[in-house]
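See structure below.
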Amino acid sequence: MKKLQNKPPPGAKARPLMPLVIAGPCSAESPRQLLETATALAATGKVDYFRAGVWKPRTAPGSFEGMGSKALGWLKEVKQTTGLAICTEVGSVKHVEEALLYDLDMIWIGARTVSNPFLVQDLADTLKGTNISVMVKNPMAPDLDLWAGSIERFRHAGVRQVSAIHRGFFYWTKSLFRNHPWWHIPTGLKERMPDVPVICDPSHIAGDRKLVPLLAQRGLELGLDGLMIEVHPEPDKALSDAAQQLTPAAFANLMEQLGERIKNDSHHDNMLEELRAEVDVVDQVLIWALSNRMKLAGEIAGVKSSQKMPILQPGRWQQVMANALSKATDAGLRPGFVKQLFDHIHHESLSQQQAPGVPKRKKSGIHSIFG
């Protein structure tokens, strides 16, 4: 069984021939399903840990919430039959106690659980004095401090093998991805905690099996230390997250492709589509922000009208521009570009605030005042 290992220090050229790989179905559905999947995965020789959800935290009650504790026995049978190490998600002290009872090799803490520091501390306290490995998924929100803090709680409890899982972050509107990757968060975690391995979970980032290979490759090229991939013998019949699971054959093919790319050190294959998809999501964020800014401008217009205030407030605008230019410099953006952009935004904002029948102010008028 491959141990979770850290990457060489920055600047070192050595890289592993294949990252640590965790694979298995989203949910444990039956003994047959688990054993069939595990046997196929073990045959590839590429899998280090077999994963399956026993307790499934769902957004709404009434959804399939896992088979519960009895599925731990199925996982133990997988370990005894195939020799694969086994892991599952835990979300309560009772879950941890039962996972230890069934001799699991590793557990992971889910995104919803990580968002609750009280619960994370309870789980960490329960794990004191044990030898089990722990993986900590990122929280739902892109909060690096919360993620790092959860990891620290387990390390302070004496858990010797703690790693992180990047599964993407909640995005409030329709996107190509189920969870947006925001790659700067996991790479930021690696910079802050270089001794903590970070595993990429392309299945949960994608939400669509067609995107899994692309995201897996992207994660490895950014220096993440391994992969967690969902695999099901009949994905379309899966009781949870059917759309994002691969067949064992598709998984084996992906491992071969990744193995060749890593061996040949081909860092730039097939990235254009994934990068464009990220740009599309950021563009949606820009449109959302601009739309809401204009709605706020309309509400401000109502307040100004009730107070008989002039629409144009030069002092306020100078304050806004100074703040924007300061943040632009910190973010590495050209001040001239940001100034021009905010001038256009301000012009449109004033246009939104004009009372019916009042002539629209020309763009050059704003530029002559603040340019």
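The opening position of the sequence shown corresponds to residue -19 in our numbering, with each subsequent residue numbered one higher.
Don't be surprised by glycine CBs; every beta carbon is placed ideally from N, CA and C.
Report the three-state DSSP secondary structure of R12 (helix, strand or coil).
-> By one-based count along the sequence shown, residue 12 stands at place 32. It is helical.
Ordered along the chain, which non-local residues of its own chain (more than five positions away) have a Cβ less than 8 angstroms from that of Y82?
-> Position 102 of the sequence shown holds residue 82. So the list reads L52, G53, L55, K56, once near-sequence residues are dropped.
Could you tell me whether the Cβ atoms of V261 and F150 are closer together than 9 angstroms?
-> For the purposes of this step, residue 261 is identified with residue 281 of the sequence shown, where counting begins at 1. For the purposes of this step, residue 150 is identified with residue 170 of the sequence shown, where counting begins at 1. Not closer than 9 angstroms, so no.
Where does E57 sit, in a helix, a strand or coil, going by DSSP?
-> Numbered from 1 along the sequence shown, position 77 holds the residue referred to as residue 57. Note: E57 maps to helix in three-state DSSP.
Out of curiosity, what's the CA-to-CA distance linking H212 and A223?
-> On the sequence shown, residue 212 is found 232 positions in, with the first residue counted as 1. On the sequence shown, residue 223 is found 243 positions in, with the first residue counted as 1. Taking the straight line from one Cα to the other gives about 11 angstroms.
If I165 and S130 are in contact, beta carbons under 8 angstroms, what's the gap, nearest whole angstrom?
-> As a working note, residue 165 is residue 185 in the sequence shown. As a working note, residue 130 is residue 150 in the sequence shown. Contact doesn't hold; Cβ gap of about 13 angstroms is too wide.
Is the beta carbon of L84 sitting closer than 9 angstroms to the one on L21?
-> The count along the sequence shown starts at 1 and reaches residue 84 at position 104. The count along the sequence shown starts at 1 and reaches residue 21 at position 41. With respect to the 9 angstroms criterion, L84 and L21 are not classified as neighbours on the basis of their beta carbons.
Could you check how far apart the C-beta atoms of A144 and W127 are, in whole angstroms? I think they sit under 8 angstroms.
-> Here residue 144 is taken as the residue at index 164 of the sequence shown, counted from 1. Here residue 127 is taken as the residue at index 147 of the sequence shown, counted from 1. A Cβ-Cβ separation of about 7 angstroms places A144 in contact with W127 under the 8 angstroms criterion.
Reduced DSSP secondary structure (H/G/I, E/B, other) of H326 | Taking the first residue of the sequence shown as 1, we reach residue 326 at position 346. Looking at H326 - three-state DSSP - the assignment turns out to be helix.
Return the first residue and the last residue of the beta strand (DSSP E) that I145 is part of.
-> Within the sequence shown, numbered from 1, the residue matching residue 145 stands at position 165. First-last of the beta strand (DSSP E) with I145: 142 to 146.
Name the DSSP beta bridge partners of Y29, please?
-> Sequence index remark: in the sequence shown, residue 29 carries index 49 (1-based). DSSP, once it has assigned bridges, lists I2, A65 as partnering Y29.
Nearest neighbour of L305, chosen from I280, S10, Q320 [CA to CA] | By 1-based counting over the sequence shown, the position of residue 305 is 325. Of the residues I280, S10, Q320, the one whose Cα lies closest to the Cα of L305 is Q320.
So W268 is in the alpha helix (DSSP H); what residue range does that whole segment cover?
-> Numbered from 1 along the sequence shown, position 288 holds the residue referred to as residue 268. Run containing W268: 252 to 286, per the alpha helix (DSSP H) assignment.
Rounded to whole angstroms, how far is the Cβ of S183 from the Cβ of V192, which I believe are closer than 8 angstroms?
-> Residue numbering aside, residue 183 sits at position 203 when the sequence shown is read from its first letter. Residue numbering aside, residue 192 sits at position 212 when the sequence shown is read from its first letter. Contact flag correct, Cβ pair sits at about 6 angstroms.
Can you tell me which of I291, D310, T309 puts its alpha carbon nearest to the alpha carbon of E328?
-> As a first step, residue 328 is located in the sequence shown; it is residue number 348 there, counting from the start. Out of I291, D310, T309, I291 has the C-alpha closest to the C-alpha of E328.
Residue(s) in a DSSP beta bridge with D117 = On the sequence shown, position 137 is the one that residue 117 refers to. Here residue 117 turns out to be Lys, not Asp, going by the sequence shown. Looking at the DSSP output, K117 shares a beta bridge with I145.
With DSSP run on the structure shown, which of helix, strand or coil describes E45?
-> If you number the sequence shown from 1, residue 45 lands on position 65. Reduced to three states, the DSSP call for E45 is coil.
Nonlocal neighbours in the same chain, by C-beta distance under 6 angstroms from S246, ignoring five residues either side | On the sequence shown, residue 246 is found 266 positions in, with the first residue counted as 1. For S246, the predicted structure reports a pLDDT of 48, less than 50, and the residue's modelled location is therefore unreliable. A value from the coordinates is still provided. Correct list: empty, nothing qualifies.
Let me know if G206 comes out buried or exposed under the rule of 16 or more other beta-carbons within 10 Å of its beta-carbon.
-> Here residue 206 refers to the residue found at position 226 when the sequence shown is read from its first residue. The residue is buried, with at least 16 neighbouring Cβ atoms inside 10 Å.
Nearest neighbour of R215, chosen from K190, G199, E236, Q237 [CA to CA] | On the sequence shown, residue 215 is found 235 positions in, with the first residue counted as 1. Checking the sequence shown, residue 215 turns out to be Pro, not Arg. That would be K190, whose Cα lies nearest to the Cα of P215.
Looking at C-alpha atoms only, which residue of K170, L124, N118, G109 is the closest neighbour of R140?
-> Counting from 1 along the sequence shown, the entry for residue 140 is found at position 160. Minimum Cα distance to R140 is reached at G109.
Can you tell which of T17, P11, L0 has its C-alpha closest to the C-alpha of Q225?
-> As a first step, residue 225 is located in the sequence shown; it is residue number 245 there, counting from the start. Comparing Cα-Cα distances from Q225 to each of T17, P11, L0, the minimum goes to T17.
Using DSSP with H/G/I as helix, E/B as strand and the rest coil, what is L81?
-> One-based indexing of the sequence shown puts residue 81 at position 101. Note: L81 maps to helix in three-state DSSP.
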